[in-house]
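Engineer: For any residue, its number in the numbering used here is found by taking its place in the sequence shown, counting from 1, and adding 106.
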Amino acid sequence: MKFYSILALFIFFSNGYSQDLNTPVITAYQKGDFFLTWGYNWSWYSNSDIKFKGNHYKFELKSVKAADRPTRFNLENYFHPSNLTTPQYNFRMGYFVNDRYSISLGIDHMKYIAIPDQSVVIYGEIQNAGTLYDGVYNGETIVLEEGFLEFEHTDGLNYINTELRRADHLLVLHEKIKLHTLIGVGLGAIYPRTNAVVLNNARYDQFNVAGYGLHGLFGIGFTFFKNLRIQTELKGGYINLPKVRTTSSTSDSASHSFFFGQYNFSIGGTFNIL
């Protein structure tokens, strides 16, 4: 009798365990899911040392402060077709290689402005430039003002990057609404359109490949009815720009590196192509 009782318990627990093994695992996405997202960002930058060189000058500005420039929100600025790429936007498309991992390509259109009228320390020299700023500098203070320097990546600090991401299901809020987490890493090229006026040179604002970036991210996402996605992310990373064009002459350039942080919000769609 004791033997049959033990056997019955064994069968009961074995059946329960088997059912657990057969219970499908809930995932945020599935292998073969393709997605597109569009959104907007707000960014922050560490201070950076910026070096400028040309035929008549070679100097370094220490601990230059910078900020982003979000576009004022209204329907015209954000939703008129001709203005879609004016604000600080994010676009991404990607593919899930399995139920959790995706690879993607995107662009983070940020804006970087060296804050005007700030006082910074300068080292180096400006010779025969025909300006009031000609001279040798060894730790003096100078103001970033019109006539000396205007420097910004406003159209923009374009970070074209690839990412590897992992999405993990967190909970089901409703039968058709799922919440998931996102983590990822990425790298890519920086393709800015730098708006610069250095000394008495003409304004220059053309695109050029200026450097590279690296970043990591964490985000929270919602999926609605399998195809609609809404997500918000925090990104942090490092940007190195060794060759920024500042005038029409290839002998003039700037270089700097800095850390950045970014918050973004985006919406998009997902569909399976398998």
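Yeah, the Cβ is synthetic: ideal placement off N, Cα and C, and Gly gets one too.
Here the structure is a predicted model, which is why all the values come from computation and not from measurement.
(1) Excluding the 5 residues flanking residue 128 on each side, which residues of the same chain have their C-beta closer than 6 Å to its C-beta?
(2) Residue 379 to residue 140, Cα distance in whole Å?
(3) Using the DSSP secondary-structure output, state which residues sit across from residue 215 in a beta bridge.
(4) Who pairs with residue 360 in a beta bridge, going by DSSP?
(5) How would you write the range of the beta strand (DSSP E) that residue 238 sits in, first residue to last?
(6) Could you tell me whether the Cβ atoms of residue 330 and residue 283 are closer together than 7 Å?
(7) Using the Cα positions of residue 362 and residue 148, report the straight-line distance between them to the nearest angstrom.
(8) Residue range of the alpha helix (DSSP H) that residue 182 falls in?
(9) Measure how close the beta-carbons of residue 270 and residue 209 come, nearest whole angstrom, since I'm counting them as under 8 Å.
(10) If you reduce the DSSP assignment to three classes, tell me which class residue 307 lands in.
(11) Let me check understanding here. Comparing Cα to Cα, which of 159, 234, 226 and 176 lies closest to residue 169?
(12) Rounded to the nearest angstrom, how far is the Cβ of residue 295 from that of residue 315, given a contact under 8 Å?
(13) Going by DSSP in three states, residue 152 sits in which element: helix, strand or coil?
(14) State the beta-bridge partners of residue 242 as determined by DSSP.
(15) Does DSSP put residue 333 in a helix, a strand or coil?
(16) By DSSP, does residue 204 sit in helix, in strand, or in coil?
Structural biologist: Considering the structure as presented:
(1) Caution applies to residue 128, whose pLDDT of 49 falls short of 50 and renders its modelled position unreliable; the model cannot decide the point.
(2) About 7 Å.
(3) Listed as beta-bridge partners of residue 215 by DSSP are 264.
(4) Assignment of beta-bridge partners to residue 360 by DSSP yields 158 and 350.
(5) In the DSSP annotation of this structure, residue 238 is not part of any beta strand (DSSP E), being labelled neither H nor E.
(6) Annotated as proximal: residue 330 and residue 283, with beta-carbon spacing under 7 Å.
(7) Residue 362 and residue 148 have their C-alpha atoms roughly 21 Å apart.
(8) Secondary structure note for residue 182: its alpha helix (DSSP H) is the uninterrupted segment 181-185.
(9) Rounded, the Cβ-Cβ distance is 6 Å, consistent with contact.
(10) In the structure shown, residue 307 sits in coil (DSSP, three-state: anything other than H, G, I, E or B).
(11) If we check each option's Cα against that of residue 169, 226 comes out closest.
(12) About 6 Å; that satisfies the 8 Å criterion.
(13) Taken through DSSP and simplified to helix, strand or coil, residue 152 comes out as coil.
(14) The partner list for residue 242 (beta bridge, DSSP) reads 231.
(15) Residue 333 falls in the coil class under three-state DSSP.
(16) Residue 204: coil per DSSP, three-state reduction.
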